[in-house]
Amino acid sequence: MSQIDAYQRQLEAVARHPAMSDDNIHVRKGALDAPSNVLIVLGIVGLLATGALAMIFNVKHALAAYEVGVFTVTAFSLGGMFWTMVFYLVNAGWTGTIRRQLENLMMMLPVCLAMIAVIVVVELASGGVLLSWMGIDPATDHLLDVKKGFLNEPFFVVRFFIYAGLWMFLATSLWRNSIHQDATGDRMLTRKSRFMSAWGLPVFALSLAFFAFDFLMAMDYRFFSTMWGVYFFASCALGSIAVTLLILCILRSLGLLTGLVTKEHTHDLGKLLFGFTVFWAYIAFSQYFLIWYSNIPEETAWYVNRKVGGWENVATLLVIGHFIIPFLILLFRDIKRNVAGAAILAAWIILMIVLDFLWIVRPMVYVGDMLDANPGPTGWILDIAAIVGVLGIWFGFLLKRIAREPLVAKNDPRMPEALGHRNYV
Amino acid sequence: MSVADYFPMLKPFLPSGLQDPPARFTGPTGKPVHGILAQYSAVDPVWNAGETVRDAGFTAWDLHSPFPIHGVEDAMGFKRTKLPYISAAVGLTGAGLGFLMQWWMSGNYEIVVQGKPPTAWEPYVPIIFESGVLLCAFATLGAMFAMNGLPRLHYPLYSHEPFLASSDDKFFVYIEAKDEKFDLVRTRELLESTGADRVDVIEDE
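Respectively, the protein sequence lines represent chains W and U.
If you count the first sequence from 1, you need to add 6 to reach the working numbering.
If you count the second sequence from 1, you need to add 1 to reach the working numbering.
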């Protein structure tokens, strides 16, 4: 009985904390409406332009440009779910004040899945415009023949529904527990979410890897890399931290979350950003290095296609911009503890993740078609329209979602720890 | 830190330049004074004592507790360590040396392995990375030991029976006699004024 009393007193103490005042943890009504509406309109315009250019210019190119955006935002959403589950599982006390933003990313999964469903429909209707294995008879190609048990249309659709079902179940359950706890303060909900995270993480890891195999790796059905799931995961983990950091910095600059998300929290998010910048570089180079060394044609072809037609410059830019610059800057403690510095770096990393997906997806459009490898300005307009379109829709709805619920999980049992969080170094 | 701190058994054999400076104070039994130890029985008084000693300007002193006290490094006036700069500098040096080693080797004796071009940059990367990590790790460990004075084989406090409680239920502040501000009478008064349970003069052995 006394333990329950003590917990009740803790909840009351947190509720009385000056930083937990209503105008500090709620976005003022309508404050985010203008930017989110602008982003959504921008997104709709971009997607309409993509659709129009798909009709008059090139469906394959339009779909690839659209996929660049879709897989970027899917990576952000999946990363939000990953970190939510990790923080539950390891009982990370300092995350009490930032977890709601990761949950907001996670709850953007329905939007992502709807956009992926469009890809599935277009691929099936067009007989595999980008997923070329759909349009090839396995009997004529030995490399496809040995994979036809996995790469066939019915199983592909079934797998998509499995991923969608698993992710929606995990995301909505975790979200429901968290919102329910806001109202009731029931700490058993945290235990339920932690239990769910324990089995959810391995399930999530496998589904994420196979999702990446199906939609990104299988664009060249001959290509295979055991590191591919990890490569996609690196963008998920890094991108979601970057988006969260950017959003928290924007909310801080709006005068919200004062005393709740301090420079100690941005410091720790910056450490994760640093860690996963290095992680991305490590696994991306390892994948390249092993394929380069073993020199097996069906593997090297993937990289050969990305070393021609100007894509080698993008690869160089990725090495410098996605790894060396953030690595050197994030080494400095003061950058991670500075709101403006952290926000700029997070925005830069988001841009680099878009570029990474561009480098993965876009060269597939003109594979084996080198004369046409430079589609001219129309191609680039199409790329920009589609990427801005998808990112605009996603960020627009994200802002709407942020404004809807409290900005922190206010009855989280780990709240006192998060409020007093400090880096003791 | 002097050589004699690390290896007290070498003291009789060391030249006079490496010996400790002669003690300024003599304890009750006639031996040189090593420092003054104050004992407390709770976190709050030892925290306040730490702030008092910090504000008095002492540098050669320490605070002992059976468990970590978060934030006490501020009460003790710790400054940020310089260790990360040493790690970064030596790590980058190691990476550069790793590159130079390969450049020199393959420049002087070119071997074609598996038909790869001799000028390929890819094989350089793991070795640059590994040599950077290796030197960084050695430098960090070595500099850490050099800066915090470990490993220390012996310390006069260990022979002081009441100090054993520092791993049980007592808290201590210890000021060494080698501190420039140290004075046998006034330092003792300072520690007594912080509400210590007991204050002892520790002598060299």
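For every residue, glycine included, the Cβ atom is placed at its ideal position computed from N, Cα and C.
Using the Cα positions of residue 24 of chain U and residue 59 of chain U, report the straight-line distance between them to the nearest angstrom. Your numbering for residue 24 of chain U matches position 23 in the second sequence. Your numbering for residue 59 of chain U matches position 58 in the second sequence. The straight-line gap from Cα to Cα measures roughly 18 Å.
Any residues in the region 154-174 of chain U with a beta carbon nearer than 9 Å to a beta carbon of chain W? Which ones, in chain order? Of all residues in the region 154-174 of chain U, none has a Cβ within less than 9 Å of some Cβ in chain W.
Does residue 261 of chain W pass the burial test, meaning 16 or more other C-beta atoms within 10 Å, or should it be called exposed? Within the first sequence, the letter at position 255 stands for residue 261 of chain W. It counts as exposed.
If contact is defined by three or more beta carbon pairs under 8 Å, each pair taking one atom from either stretch, is the region 73-92 of chain U in contact with the region 153-168 of chain U? With the cut-off at 8 Å, the region 153-168 of chain U and the region 73-92 of chain U do not touch.
Start and end of the beta strand (DSSP E) containing residue 203 of chain U? In the second sequence, the residue the question calls residue 203 of chain U occupies position 202. That run of the beta strand (DSSP E) goes 199-204.
What does residue 430 of chain W reach in chain U if we use C-beta pairs closer than 8 Å? Here residue 430 of chain W is taken as the residue at index 424 of the first sequence, counted from 1. 71, 72 and 74, listed in chain order.
Please state the DSSP three-state secondary structure of residue 34 of chain U. Reading the second sequence from its first residue, position 33 is the one you call residue 34 of chain U. In this structure, residue 34 of chain U counts as strand in the three-state DSSP scheme.
Using 10 angstroms around the beta-carbon of residue 326 of chain W, count the other beta-carbons present and answer buried if the total reaches 16, otherwise exposed. Position 320 of the first sequence holds residue 326 of chain W. With fewer than 16 Cβ atoms within 10 Å of its Cβ, residue 326 of chain W is classed as exposed.
Please report the residue range of the alpha helix (DSSP H) in which residue 253 of chain W lies. Here residue 253 of chain W refers to the residue found at position 247 when the first sequence is read from its first residue. First-last of the alpha helix (DSSP H) with residue 253 of chain W: 234-259.
Quick check on the DSSP output: what are the complete alpha helix (DSSP H) runs of length 4 or more inside the region 102-172 of chain W, in order along the chain? Listed in chain order, the complete alpha helix (DSSP H) runs (minimum 4 residues) inside the region 102-172 of chain W are 105-112, 115-132 and 148-151.
Validate contact between the region 41-48 of chain W and the region 399-419 of chain W using beta carbons, cut 8 Å, 3 pairs: At 8 Å Cβ cutoff, the stretches touch.
Within 8 Å, strictly: CB atoms of residue 264 of chain W and residue 332 of chain W: Along the first sequence, read from residue 1 onward, the residue named residue 264 of chain W stands at position 258. Along the first sequence, read from residue 1 onward, the residue named residue 332 of chain W stands at position 326. Going by C-beta atoms, residue 264 of chain W is not nearer than 8 Å to residue 332 of chain W.
Here's the rule: buried if 16 or more other CB atoms are within 10 angstroms of the residue's CB, otherwise exposed. What is residue 208 of chain W? The count along the first sequence starts at 1 and reaches residue 208 of chain W at position 202. Exposed.
Taking 8 Å as the CB-CB cut-off, is residue 291 of chain W touching chain U? Locating residue 291 of chain W in the first sequence gives position 285, counting from the first residue. Closer than 8 Å to some Cβ of chain U, the Cβ of residue 291 of chain W qualifies, so yes.
Within the present structure, is the beta-carbon of residue 247 of chain W separated from the nearest heavy atom of the ligand SAH by less than 7 Å? The ligand SAH is not among the ligands present in this structure, which contains no ligands whatsoever.
Out of W:407, W:370 and W:28, which has the shortest C-alpha to C-alpha gap to residue 307 of chain W? The residue you call residue 307 of chain W lines up with position 301 of the first sequence. Among W:407, W:370 and W:28, the Cα nearest to that of residue 307 of chain W is on W:370.
Tell whether a beta-carbon distance below 8 Å holds between residue 233 of chain W and residue 177 of chain W. Position 227 of the first sequence, counted from the first residue, corresponds to residue 233 of chain W. Position 171 of the first sequence, counted from the first residue, corresponds to residue 177 of chain W. For the pair residue 233 of chain W and residue 177 of chain W, the CB atoms are not nearer than the 8 Å cut-off.
For residue 189 of chain W, which residues does DSSP report across the bridge? Counting from one through the first sequence, the residue named residue 189 of chain W turns up at place 183. According to DSSP, which records beta bridges pairwise, residue 189 of chain W is partnered with nothing at all.
Which residues in chain U sit within 9 Å of residue 100 of chain W, going by Cβ to Cβ distance? Position 94 of the first sequence holds residue 100 of chain W. Going along chain U, no residue has its Cβ under 9 Å from residue 100 of chain W, so there is no contact; the nearest lies around 13 Å.
May I have a chain-ordered list of the beta strand (DSSP E) segments no shorter than 3 residues that lie completely inside the region 308-367 of chain W? The DSSP assignment places no complete beta strand (DSSP E) segment of no fewer than 3 residues inside the region 308-367 of chain W.
For the alpha helix (DSSP H) holding residue 270 of chain W, just list the boundary residues, first then last. Within the first sequence, the letter at position 264 stands for residue 270 of chain W. Secondary structure note for residue 270 of chain W: its alpha helix (DSSP H) is the uninterrupted segment 269-300.
Taking 8 Å as the cut-off, decide whether the C-beta atoms of residue 119 of chain U and residue 132 of chain U are in contact. The residue you call residue 119 of chain U lines up with position 118 of the second sequence. The residue you call residue 132 of chain U lines up with position 131 of the second sequence. In this structure, residue 132 of chain U does not lie closer than 8 Å to residue 119 of chain U by Cβ.
Let me make sure I understand the geometry here. Which of W:92, W:417, W:16 and W:41 has the alpha-carbon closest to that of residue 243 of chain W? Mapped onto the first sequence, residue 243 of chain W falls at position 237. Nearest of W:92, W:417, W:16 and W:41 to residue 243 of chain W, Cα basis: W:92.
In this structure, what does DSSP give as the bridge partners for residue 62 of chain U? In the second sequence, residue 62 of chain U corresponds to position 61, counting from 1. BP columns for residue 62 of chain U point to U:176.
Do residue 425 of chain W and residue 32 of chain W have their C-beta atoms closer together than 8 Å? As a first step, residue 425 of chain W is located in the first sequence; it is residue number 419 there, counting from the start. As a first step, residue 32 of chain W is located in the first sequence; it is residue number 26 there, counting from the start. Not a contact, by the Cβ cut-off of 8 Å.
For residue 68 of chain W, which residues of its own chain have a beta-carbon under 8 Å away from its beta-carbon, when the five flanking residues on both sides are left out? The residue given as residue 68 of chain W occupies position 62 in the first sequence. These residues qualify, in order along the chain: 56, 57, 59, 60, 388 and 392.
Would you say residue 126 of chain U reaches chain W, if we count a Cβ-Cβ gap shorter than 8 Å as a contact? Residue numbering aside, residue 126 of chain U sits at position 125 when the second sequence is read from its first letter. Residue 126 of chain U counts as touching chain W.
Along chain U, which residues have their Cβ under 9 Å away from the Cβ of residue 298 of chain W? Counting from one through the first sequence, the residue named residue 298 of chain W turns up at place 292. Correct list: 117, 121 and 123.
Between residue 295 of chain W and chain U, is any beta-carbon pair separated by less than 8 Å? Counting from one through the first sequence, the residue named residue 295 of chain W turns up at place 289. Closer than 8 Å to some Cβ of chain U, the Cβ of residue 295 of chain W qualifies, so yes.
What in chain W is Cβ-close to residue 90 of chain U, meaning under 8 Å? On the second sequence, residue 90 of chain U is found 89 positions in, with the first residue counted as 1. Taking a Cβ-Cβ threshold of 8 Å, none of the residues of chain W is close to residue 90 of chain U; the smallest such distance is about 12 Å.
Would residue 337 of chain W count as contacting chain U if we go by Cβ distances under 8 Å? On the first sequence, position 331 is the one that residue 337 of chain W refers to. Using a CB distance cut-off of 8 Å, residue 337 of chain W counts as an interface residue toward chain U.
Quick check: residue 78 of chain W and residue 302 of chain W, are their CB atoms within less than 8 Å of each other? Position 72 of the first sequence, counted from the start, is the residue given in the question as residue 78 of chain W. Position 296 of the first sequence, counted from the start, is the residue given in the question as residue 302 of chain W. Not in contact: residue 78 of chain W and residue 302 of chain W (Cβ atoms no closer than 8 Å).
Using only the alpha-carbon positions, how far apart do residue 274 of chain W and residue 344 of chain W sit? On the first sequence, residue 274 of chain W is found 268 positions in, with the first residue counted as 1. On the first sequence, residue 344 of chain W is found 338 positions in, with the first residue counted as 1. Rounded to whole angstroms, the gap between the alpha carbons of residue 274 of chain W and residue 344 of chain W is 12 Å.
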